[in-house]
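Every position in the sequence shown, counted from 1, becomes a number in the working numbering once 27 is added. We put the beta carbon where it would ideally sit given N, CA and C, even for glycine. Computed from a predicted model, the values in this text were never measured in an experiment. Below is one structure, written out as structure tokens; the observations come after it.
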Amino acid sequence: MIRAILVICPLIVLIACGGSDPSTEGAAPVLERTTGTDTTEILQPSPVAPPQTKQDTLMLEGMAEPVELRLYQAPEGWPLQVHTYLPPGIEADAVSSGEGEAIRFRMGEALLSFVLLPEAVKRSAAQARARSLFGKTNVQSCRSSYPWQWECLYAANAKGRVTRVLIGEQQGRQFYFLLDYPAEYGDGFGPRAAMILREWRFNKPAAPQQSPQ
């Protein structure tokens with residue numbers, strides 16, 4: 028009898044200590060912070076960082092070519108945090124001037140430029156500035172393709188050159204993309220620029236931190 032009790036007791040201890048609720052296994056922890064007013068603030072997990080590279084397929088001269096894209100993010104402290112992925116052959120740099128902040132994507136003589144206009148610039152001024160990029164060239168409207176885009180302009184009678192401007196708005200800021208390249212770059216740069224625009228993401232602004240009560 029004593030031996031049976033000695034065997035059963037450890038089993039009871041193991042069951043009591045080692046058992047777990049299957050509904051909570053693998054669940055992400057919920058972080059809580061109690062303030063001085065007896066309310067509980069739920070801390071949301073940080074957004075998952077985008078991967079440094081990703082695989083995709085690029086259509087070049089009518090042929091599907093597998094490529095590795097590399098992550099590009101706006102410099103730290105830039106007024107609008109954005110990121111995209113760059114196909115092989117594209118170089119990027121960020122510049123600043125009185126006209127606004129810009130990120131330029133280049134391949135030889137071909138250019139895709141993202142220009143973030145100053146905060147005071149409204150839609151009418153953004154449109155006027157975009158039209159001025161064409162000089163005396165006849166400008167026509169084209170169809171919008173992106174959710175942030177409210178205007179698309181292109182040079183209707185430009186010979187030997189492709190010029191297009193996409194005007195948009197995000198987080199109250201006006202901006203435009205300038206796409207400009209020699210016509211002979213169309214098969215190589217055109218698909219690359221389209222992929223950069225397709226992968227373009229505006230990062231959500233960080234939520235303001237609440238000070239302890």
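Residue i to residue j, Cα distance in whole Å?
i	j	result
residue 103	residue 230	12 Å
residue 225	residue 101	16 Å
residue 165	residue 182	6 Å
residue 89	residue 157	32 Å
residue 178	residue 214	25 Å
residue 121	residue 134	15 Å
residue 223	residue 186	25 Å
residue 217	residue 80	21 Å
residue 99	residue 110	6 Å
residue 151	residue 123	22 Å
residue 169	residue 130	23 Å
residue 155	residue 145	14 Å
residue 208	residue 78	30 Å
residue 161	residue 211	20 Å
residue 65	residue 85	Its pLDDT being 48, under 50, residue 65 is placed unreliably in this model, and the value from its coordinates should be taken loosely. Cα to Cα, residue 65 sits roughly 55 Å from residue 85.
Pull the bridge partners of residue i from the DSSP assignment, please.
i	result
residue 80	97
residue 182	166
residue 201	196
residue 208	189
residue 229	109
residue 91	86
residue 143	128, 202
residue 176	195
With distance defined between alpha-carbon atoms, name the residue in the options nearest to residue i.
i	options	result
residue 174	159, 164, 189, 193	193
residue 188	118, 206, 147, 178	206
residue 180	108, 153, 119	153
residue 126	209, 159, 108, 87	159
residue 18	168, 108, 78	No information on residue 18 is available, as it lies outside the stretch 28 to 240 that the chain covers here.
residue 115	130, 163, 145, 87	87
residue 172	221, 78, 92, 77	221
So, residue i versus residue j, is the Cβ gap smaller than 8 Å?
i	j	result
residue 191	residue 143	no
residue 94	residue 83	yes
residue 112	residue 138	no
residue 128	residue 105	yes
residue 132	residue 147	no
residue 219	residue 117	yes
residue 202	residue 140	no
residue 195	residue 176	yes
Could you confirm whether any beta carbon from chain C is found closer than 8 Å to the beta carbon of residue i?
i	result
residue 131	Absent from the structure is chain C; it holds one protein chain and no more.
Quiz prompt | Length-filtered (3 minimum) beta strand (DSSP E) runs lying within the segment 97-140 | solution = 109-113, 118-124, 127-134
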